[in-house]
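Quick mapping for you: the protein sequence lines, in order, are chains A and B. Mapped onto our numbering, the consecutive letters of the first sequence carry residue numbers 7 to 118. Mapped onto our numbering, the consecutive letters of the second sequence carry residue numbers 3 to 118. Quick reminder that beta carbons are idealized off the backbone N, C-alpha and C, glycines included.
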Amino acid sequence: GEEVAQTPKHLVRGEGQKAKLYCAPIKGHSYVFWYQQVLKNEFKFLISFQNENVFDETGMPKERFSAKCLPNSPCSLEIQATKLEDSAVYFCASSHRATEAFFGQGTRLTVV
Amino acid sequence: QQQVKQSPQSLIVQKGGISIINCAYENTAFDYFPWYQQFPGKGPALLIAIRPDVSEKKEGRFTISFNKSAKQFSLHIMDSQPGDSATYFCAALISHGSSNTGKLIFGQGTTLQVKP
Numbered sequence: 007g008e009e010v011a012q013t014p015k016h017l018v019r020g021e022g023q024k025a026k027l028y029c030a031p032i033k034g035h036s037y038v039f040w041y042q043q044v045l046k047n048e049f050k051f052l053i054s055f056q057n058e059n060v061f062d063e064t065g066m067p068k069e070r071f072s073a074k075c076l077p078n079s080p081c082s083l084e085i086q087a088t089k090l091e092d093s094a095v096y097f098c099a100s101s102h103r104a105t106e107a108f109f110g111q112g113t114r115l116t117v118v
Numbered sequence: 003q004q005q006v007k008q009s010p011q012s013l014i015v016q017k018g019g020i021s022i023i024n025c026a027y028e029n030t031a032f033d034y035f036p037w038y039q040q041f042p043g044k045g046p047a048l049l050i051a052i053r054p055d056v057s058e059k060k061e062g063r064f065t066i067s068f069n070k071s072a073k074q075f076s077l078h079i080m081d082s083q084p085g086d087s088a089t090y091f092c093a094a095l096i097s098h099g100s101s102n103t104g105k106l107i108f109g110q111g112t113t114l115q116v117k118p
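What follows is the structure in structure tokens.
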């Protein structure tokens with residue numbers, strides 16, 4: 007597609023439940039990135055992929071967060087045992103050359 | 003050293019005026035500096051970007067000025083319009099060699115309001 011497609015738009019989970027977010031990158035883009043936006047402004051890098059390979063995972067809280075980009079499937083970000091502080095908007099972005107990143111509309115996760 | 007500092011936090015400009023947002027960085031390895039525009043409830047949209055070998059880049063009403071020695075760059079929005087009201091983020095990344103992982107370091111954001 008011509009834009010990064012993220013689903014769902016909104017997700018509500020009880021504390022301790024699992025949350026799974028999906029991202030379909032722009033066709034032809036081989037890089038995928040996940041960012042977390044909290045408090046409306048602060049962006050935190052989570053992880054990047056080059057095709058199905060993890061490129062940079064320095065931002066991932068590894069205990070509960072995991073991500074995959076498998077061939078012919080949307081990329082996914084999964085949070086096991088969600089906590090209140092996981093409430094944020096999660097953005098996926100894709101890029102052709104790991105520079106110009108194009109962002110999706112985000113998934114708003116609310117943990118109650 | 004990985005931080006990008008952005009100011010001001012908020013800005014109010016009259017229609018037709020010039021909006022100026024500033025950013026500063028420490029890591030001299032950064033070599034790609036994009037600006038993103040974000041409307042409420044939407045994802046950030048790439049507006050304009052610059053590399054440090056250029057001191058200025060202009061696209062329509064948007065201009066980036068870059069000062070490599072001061073490690074500062076700024077976004078100028080000429081003839082600001084109410085439709086420009088949004089949050090603007092500067093960012094930086096290392097685009098060369100093995101350090102290029104596409105990891106963007108974002109500034110704190112500037113909320114711009116253009117009054118009619």
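DSSP beta-bridge partners of residue i
i      : result
B:H78  : B:I22 and B:T65
A:F97  : A:Y41
A:I85  : A:A25 and A:F71
A:I53  : A:W40
B:Q8   : B:C25
A:N59  : A:Q56
A:V18  : A:T116
B:T89  : B:Q40 and B:T113
B:F35  : B:I52
B:L13  : B:L114
A:T13  : A:Y28
B:I107 : B:A94
B:E58  : B:S67
A:E48  : A:V44
From the options, residue whose alpha carbon lies closest to that of residue i
i      : options                          : result
B:D81  : B:K60, B:G18 and B:K7            : B:G18
B:C25  : B:P118, B:S71 and B:Q110         : B:Q110
A:P31  : A:Q23, A:N57 and A:K24           : A:N57
B:L49  : B:T103, B:G43, B:S101 and B:A88  : B:A88
B:F35  : B:F108, B:P42, B:T112 and B:K117 : B:F108
B:P84  : B:Q5, B:L13 and B:Q4             : B:L13
A:F61  : A:E9, A:T13 and A:R103           : A:R103
A:Q12  : A:K24, A:F39 and A:M66           : A:F39
B:G62  : B:Q115, B:D55 and B:L77          : B:L77
B:V116 : B:F68, B:P54 and B:Q16           : B:Q16
B:G43  : A:V117, A:G112 and A:E63         : A:G112
B:P118 : B:D86, B:Y90 and B:P46           : B:D86
B:Q4   : B:I96, B:T113 and B:L114         : B:I96
A:V18  : A:V95, A:G34, A:S101 and A:T105  : A:V95
B:D33  : B:N69, B:S9 and B:Y90            : B:N69
A:A91  : A:C81, A:L45, A:P14 and A:V10    : It is worth fixing the name first, because residue 91 of chain A is Glu in this sequence and not Ala. The residue with the shortest Cα to Cα distance from A:E91 is A:L45.
B:F64  : B:A51, B:V56, B:Q74 and B:S71    : B:A51
Amino acids of chain A, ordered along the chain, whose beta-carbon sits closer than 7 Å to that of residue i
i      : result
B:F108 : F49
B:Y27  : Residues of chain A passing the Cβ test: none, with the nearest at roughly 15 Å.
Exposure of residue i, with buried meaning 16 or more beta-carbon neighbours within 10 Å
i      : result
A:F108 : buried
A:A99  : buried
A:L115 : buried
B:I79  : buried
B:T30  : exposed
B:I20  : exposed
A:Q86  : exposed
B:Q40  : buried
B:T112 : buried
B:K105 : buried
B:P10  : exposed
A:G34  : exposed
B:S101 : exposed
Partner residues on chain B for residue i, Cβ-Cβ distance less than 7 Å
i      : result
A:Q111 : K44 and G45
Cross-chain neighbours of residue i in chain A, by beta carbon under 9 Å
i      : result
B:L48  : E106, A107, F108 and F109
B:G111 : K46, N47, E48 and F49
B:A51  : T105 and E106
Amino acids of chain B, ordered along the chain, whose beta-carbon sits closer than 8 Å to that of residue i
i     : result
A:S82 : Correct list: empty, because the minimum Cβ distance to chain B is about 18 Å.
A:S54 : T103, G104 and K105
A:D62 : T103, G104 and K105
9 Å Cβ cut-off: residues of chain B touching residue i
i      : result
A:S101 : G104
A:S72  : Residues of chain B passing the Cβ test: none, with the nearest at roughly 18 Å.
Heavy atom of the ligand NAP within 7 Å of residue i beta-carbon
i     : result
B:D55 : Ligands are entirely absent from the displayed structure, and the ligand NAP is therefore not among its contents.
Could you name the residues of the region 87-104 of chain B whose beta carbon sits closer than 9 Å to any beta carbon of chain A, in the order they occur along the chain? Cβ contacts with chain A: T89, F91, A93, L95, S97, N102, T103 and G104.
Q: Below 7 Å between beta carbons is the criterion; list the residues of the region 18-45 of chain A that meet it against any residue of chain B, in chain order.
A: In summary, the residues of the region 18-45 of chain A whose CB is separated from some CB of chain B by less than 7 Å are Y37 and F39, in the order they occur in the chain.
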